[in-house]
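K.L.:
2 protein chains.
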Amino acid sequence: MAATIRDVARLAGVSPSTVSRALSLPGMVNATTRARVAAAVEQLGYEPNRAARGLITGRTGTIGLVVPDLANPFFASLTKGVQARARHHDVAVFVADTDEDPAAEAGLVRALSKQVDGVVLCSPRASDEELAAIAQDTTVVLVNRTAVGLPGVAYDNEDGMRQAVAHLVALGHRRIAWVGGPATSWSTQHRGLGLRNAVEALRAELAPVGNFAPTYEGGMAAADQVVATGATAVVAYNDLVAIGLLARLHSRGISVPGDLSVVGVDDIAMSRMARPALTTVRLPKQEAGRIAVELLLAMLDDPESAAEGSKHGELHGELIVRDSTGPAPQK
Amino acid sequence: MAATIRDVARLAGVSPSTVSRALSLPGMVNATTRARVAAAVEQLGYEPNRAARGLITGRTGTIGLVVPDLANPFFASLTKGVQARARHHDVAVFVADTDEDPAAEAGLVRALSKQVDGVVLCSPRASDEELAAIAQDTTVVLVNRTAVGLPGVAYDNEDGMRQAVAHLVALGHRRIAWVGGPATSWSTQHRGLGLRNAVEALRAELAPVGNFAPTYEGGMAAADQVVATGATAVVAYNDLVAIGLLARLHSRGISVPGDLSVVGVDDIAMSRMARPALTTVRLPKQEAGRIAVELLLAMLDDPESAAEGSKHGELHGELIVRDSTGPAPQK
DNA sequence: GGGTGGACTGCAATCCTTTGCAGTGCCCGT
DNA sequence: ACGGGCACTGCAAAGGATTGCAGTCCACCC
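As you go down the protein sequences, you meet chains A and B in turn.
Numbering-wise (full-length UniProt numbering), the first sequence opens with residue 1 and increments by one.
Numbering-wise (full-length UniProt numbering), the second sequence opens with residue 1 and increments by one.
Okay, structure coming up:
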């Protein structure tokens, strides 16, 4: 059906080898020949068969992306970034969604590894050991976390938390509650740490209320405990949790930001639509996806750089102040 | 590196052909031979090389999915459904996001068509002619709309709108505003039609306020016009628009549902987090993705059914009543 | 006992492209 | 005038799996 390299060769009056070279190593063929080949390619609408090319080069021109949940806007943005960047490099992306099941990750990556050159893995919960095992199968770039020995792109959570705390302290808050996400989550750990450091540096006080699901429901569940801490401000694991807090606080008649200021993390689309619009630390999600792709592709092109390992991208968050934070209430 | 079919053949003491058959046409090989092959496969961890197989069978074991915007929760859910179902069939999914640029669709499908067996296309804006042209390149299943001669899965918008109107009329509303999405959108047209029919059947009155972007901003922009119609209820193109309406109405001090009832369409995650929680027509988004995959795979397995054309899936929406609708105000 | 058919299995071609190696022809230097 | 080198091009193998065709072997029938 589709034109093959032989058809092009025949039409251009050259051998298939020459066609192949004219396309991939233009410097190696005479300009006039190259033009004839180009014309034939054009006329026939020829495009190299990727399977055949992959068979011989060992490369598929495809990368995989594994995320916990596509329906989560955070991962959707990430996916968008990955996809856009990959297309820019003429690389296709297989996406796979683990449905928030960390156990499925390893199997998925293994299955994927046969069909792709490498994978971008977003695995907030897995341990470093599990990740190391997964990385045996194929070239892996982590996103949204780091792990020793593995390349990845992550956010500077400490810095983001510092910005949030500085904002709250400037508003007069002294006691700040912290609603963590899943205990095993890399981000929870780093955000918690960043918060402790920031609070200490600014002579405020942190009131952690434990670990909750990183969802709207998680936020609803945490709200009453937040109130019980007596804090005048709260930092939530992410925006979904913050919005859950907002909902429960509202139904309890607690005013935000009058009685309690709320800060989220991520800046998903929903945040600016929340009522009150949510103050949050914006994470450049698409950017993370883009950088992960660049990192992965660079490793693929030059395996040395992979060996040298631990290539990292680090991204900074930016505090977006909206209406959910305000001056601390006077006692 | 990885084991090939010849390695397996050697270990099992048979020819590569027999291994191939043992795996894909088990009935053709002797049970004991098959067992030996199976053991060898197991021991070597053999998996057929997809590129090599694709080269000869002409099938890639991959389908494409083209959506306007992955970051839109509606399409994210759809993607999730497609992806899950495809994995179930051991088929990989390339996803591509057109960034809401209908002009990019054709090119994207064409590029994709070289690498996939077929594509699931979500193209709300393209004309029937454009779609027909696109479908030349490869096997296409439409999702979220229909077009003559092309298979697709769509929602019964008329029915969904009828449910919404029946609900509103039962609450005493007689004049219902309608905020349409992009004029060229298939869904806008069908929802508008369904609304007109339903309103007529129930002796109410429709007040269309025109076409807006299918976004939060679109809803904000439409709100004042909705108010100006004097309607006591409004149906929005989708939930995003409805949430935008909610925001603007709130800032104008118009009570929902006290002064005005609001109904959306889609039931995205955000809707139940809105304030007030949004009454909406829930569309089975993942289900649509799943069915589209089934349809596509069936057409691929049996091209006849493709020729017979116009295979369709139809899905029904379900009205989810939350807090944004209430009794019509007494004049 | 020879012939026929059935049940398996193997051979070899094929899918399409890339790439190491071996030309071919020409130019230039000596 | 001849050898060497350069620039370019072609040959052929390779990559891994599938499949039409042909072969082997055995059992069974007449």
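Just so you know, even glycine gets a beta-carbon here, dropped at the ideal spot from N, CA and C.
(1) So within the region 237 to 303 of chain A, which uninterrupted beta strand (DSSP E) runs reach at least 3 residues, ignoring any that extend past its ends?
(2) Cβ closer than 9 Å: which chain B residues qualify as neighbours of threonine 79(A)?
(3) Count the C-beta pairs between the region 152 to 163 of chain B and the region 184 to 194 of chain B that are closer than 8 Å, then say yes if the count reaches three, no if not.
(4) Which residues in chain B sit within 7 Å of tyrosine 216(A), going by Cβ to Cβ distance?
(5) Please state whether DSSP places glutamate 42(B) in a helix, a strand or coil.
(6) Does the beta carbon of histidine 250(A) come closer than 8 Å to any beta carbon on chain B?
(7) Given that alanine 84(B) touches chain A, what residues does it touch there, using C-beta distances under 9 Å?
(8) Going by Cα to Cα distance, which pick from Leu283(A), Asp301(A), Leu295(A) is closest to leucine 315(A)?
(9) What ranges does the beta strand (DSSP E) occupy inside the region 122 to 162 of chain A, keeping only unbroken runs of at least 3 residues that lie completely in it?
(10) Within 8 Å of any Cβ in chain B, is that where the Cβ of glutamine 43(A) sits?
(11) Quick one: what's got a C-beta closer than 8 Å to tyrosine 216(B)'s C-beta in the same chain, skipping five residues either side?
(12) Any beta carbon from chain B within less than 8 Å of lysine 311(A)'s own beta carbon?
(13) Run through DSSP, which three-state label would residue 334(B) get?
(14) What do you reckon, are the CB atoms on valine 265(A) and arginine 191(A) nearer than 8 Å?
(15) Rounded to the nearest angstrom, what separates valine 256(A) and threonine 280(A) at their Cα positions?
(16) Got a sec: which bits of the region 34 to 60 of chain B sit with their beta carbon under 8 Å from any beta carbon on chain A, in order along the chain?
(17) Near glutamate 287(B), what residues of its chain come up, given a Cβ to Cβ distance below 8 Å and the 5 sequence neighbours on each side ignored?
(18) Please identify the residue among Cys122(B), Phe94(B), Gly107(B), Ser113(B) whose C-alpha is closest to the C-alpha of phenylalanine 75(B).
(19) Identify the continuous alpha helix (DSSP H) that holds threonine 325(A) and give its terminal residues.
(20) Run through chain A and tell me which residues come within less than 7 Å of methionine 299(B), C-beta to C-beta.
(21) Counting only Cβ pairs nearer than 8 Å, list the residues of chain B close to arginine 87(A).
(22) Check distances from the C-beta atoms of the region 143 to 165 of chain B to those of chain A and list, in chain order, the residues that come in under 9 Å.
(23) By alpha-carbon positions, which one of Ile176(A), Gly317(A), Asp224(A) ends up nearest to asparagine 197(A)?
(24) May I ask which residues mark the beginning and end of the alpha helix (DSSP H) holding phenylalanine 74(A)?
(25) So that I know if they touch, is there some Cβ in chain B lying closer than 8 Å to that of methionine 270(A)?
(26) Kindly say whether glutamine 136(A), judged by its beta-carbon, lies nearer than 8 Å to any beta-carbon of chain B.
(27) Inspect the CB distances between the region 50 to 62 of chain A and the region 41 to 59 of chain B and report whether three or more fall short of 8 Å.
(28) I'd like to know whether the C-beta of valine 243(B) is nearer than 8 Å to at least one C-beta of chain A.
(29) Report buried or exposed for glycine 289(B), applying the criterion of at least 16 other Cβ atoms within 10 angstroms of its Cβ.
(30) How should serine 77(A) be labelled, buried or exposed, when 16 other C-beta atoms within 10 angstroms of its C-beta is the threshold for buried?
(31) Which bits of chain A does alanine 92(B) rub up against, with CB to CB less than 7 Å?
(32) Please report how far the alpha carbon of leucine 260(A) lies from the alpha carbon of alanine 92(B), in whole angstroms.
P.N.:
In short:
(1) Segments of the beta strand (DSSP E) lying fully in the region 237 to 303 of chain A: 261 to 266, 279 to 282.
(2) Chain order gives the chain B residues near threonine 79(A) as Leu70, Ala71, Ala76, Thr79, Val95, Asp97, where near means a beta carbon separation below 9 Å.
(3) Proximity of the region 152 to 163 of chain B to the region 184 to 194 of chain B meets the contact definition, three or more beta-carbon pairs being nearer than 8 Å.
(4) Correct list: Met273.
(5) DSSP places glutamate 42(B) within a helical segment (H, G or I) once states are collapsed to three.
(6) It does: the Cβ of histidine 250(A) has a partner Cβ on chain B nearer than 8 Å.
(7) Annotation: Cβ neighbours of alanine 84(B) in chain A (cutoff 9 Å, chain order): Asp97, Asp99.
(8) With distances taken between Cα atoms, leucine 315(A) lies closest to Leu283(A).
(9) Taken in chain order, the complete beta strand (DSSP E) segments of 3 or more residues contained in the region 122 to 162 of chain A are 139 to 143, 152 to 155.
(10) For glutamine 43(A), the answer is no, since every Cβ of chain B falls outside 8 Å of its Cβ.
(11) Leu240, Val241, Ile243, Gly244, Ala247, listed in sequence order.
(12) Residue contact with chain B for lysine 311(A): absent (no Cβ-Cβ distance below 8 Å to any residue of chain B).
(13) Residue numbering for chain B in the displayed model covers 1 to 331; residue 334(B) lies beyond these limits and cannot be assessed.
(14) Taking 8 Å as the Cβ cut-off, valine 265(A) and arginine 191(A) qualify as a contacting pair.
(15) The alpha-carbon atoms of valine 256(A) and threonine 280(A) are separated by roughly 14 Å.
(16) So the close ones are Glu47, Asn49, Arg50, Ala51, Ala52, Gly54, Leu55, Thr60.
(17) So the qualifying residues of the chain are Gly81, Leu315.
(18) Ranked by Cα distance from phenylalanine 75(B), the options Cys122(B), Phe94(B), Gly107(B), Ser113(B) are led by Cys122(B).
(19) For threonine 325(A), there is no enclosing alpha helix (DSSP H), as DSSP marks it with neither H nor E.
(20) Within chain A, no C-beta atom comes nearer than 7 Å to that of methionine 299(B); the closest sits roughly 17 Å away.
(21) Scanning chain B for C-beta atoms nearer than 8 Å to the C-beta of arginine 87(A) yields Ala96, reported in chain order.
(22) Taking 9 Å as the Cβ-Cβ cut-off against chain A, none of the residues of the region 143 to 165 of chain B qualify.
(23) Comparing Cα positions, the closest option is Ile176(A).
(24) 73 to 88 is the extent of the alpha helix (DSSP H) around phenylalanine 74(A).
(25) Yes, its Cβ sits closer than 8 Å to a Cβ of chain B.
(26) At least 8 Å separates the CB of glutamine 136(A) from every CB of chain B.
(27) Yes: the two stretches touch, three or more of their Cβ pairs being nearer than 8 Å.
(28) Note on residue identity: the sequence assigns isoleucine, not valine, to residue 243(B). Yes - at least one Cβ of chain A is within 8 Å of the one on isoleucine 243(B).
(29) Glycine 289(B) should be labelled buried.
(30) With a 10 Å radius around the Cβ and a threshold of 16 neighbouring Cβ atoms, serine 77(A) comes out buried.
(31) Phe94, Gln115, listed in chain order.
(32) Spanning the two alpha carbons is a distance of roughly 47 Å.
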